[in-house]
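Residue numbers (UniProt numbering): 1 to 69.
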């Protein structure tokens, strides 16, 4: 007979394994969001380089002089 702690650990490991595997199964069974054979919509083109910017980009632009504002 399996001890109660071992059964709990086995159940938690199985639950965690299913939870971690879910995104891989979901990705494998779904179509891509963006169709590479079509042109990008204007909204995606407009915000393209700004999608992955971080908080370090916030603030005054040090490359411009203060008289330009």
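In this text, a Cβ means the ideal position worked out from N, Cα and C, and glycines have one as well.
As the structure is a prediction and not an experimental result, all values here were calculated from the model.
For residue 63, there is no enclosing alpha helix (DSSP H), as DSSP marks it with neither H nor E. For residue 23, the uninterrupted alpha helix (DSSP H) segment begins and ends at 4 to 29.
Between the C-alpha atoms of residue 14 and residue 25 there is a straight-line separation of about 16 angstroms.
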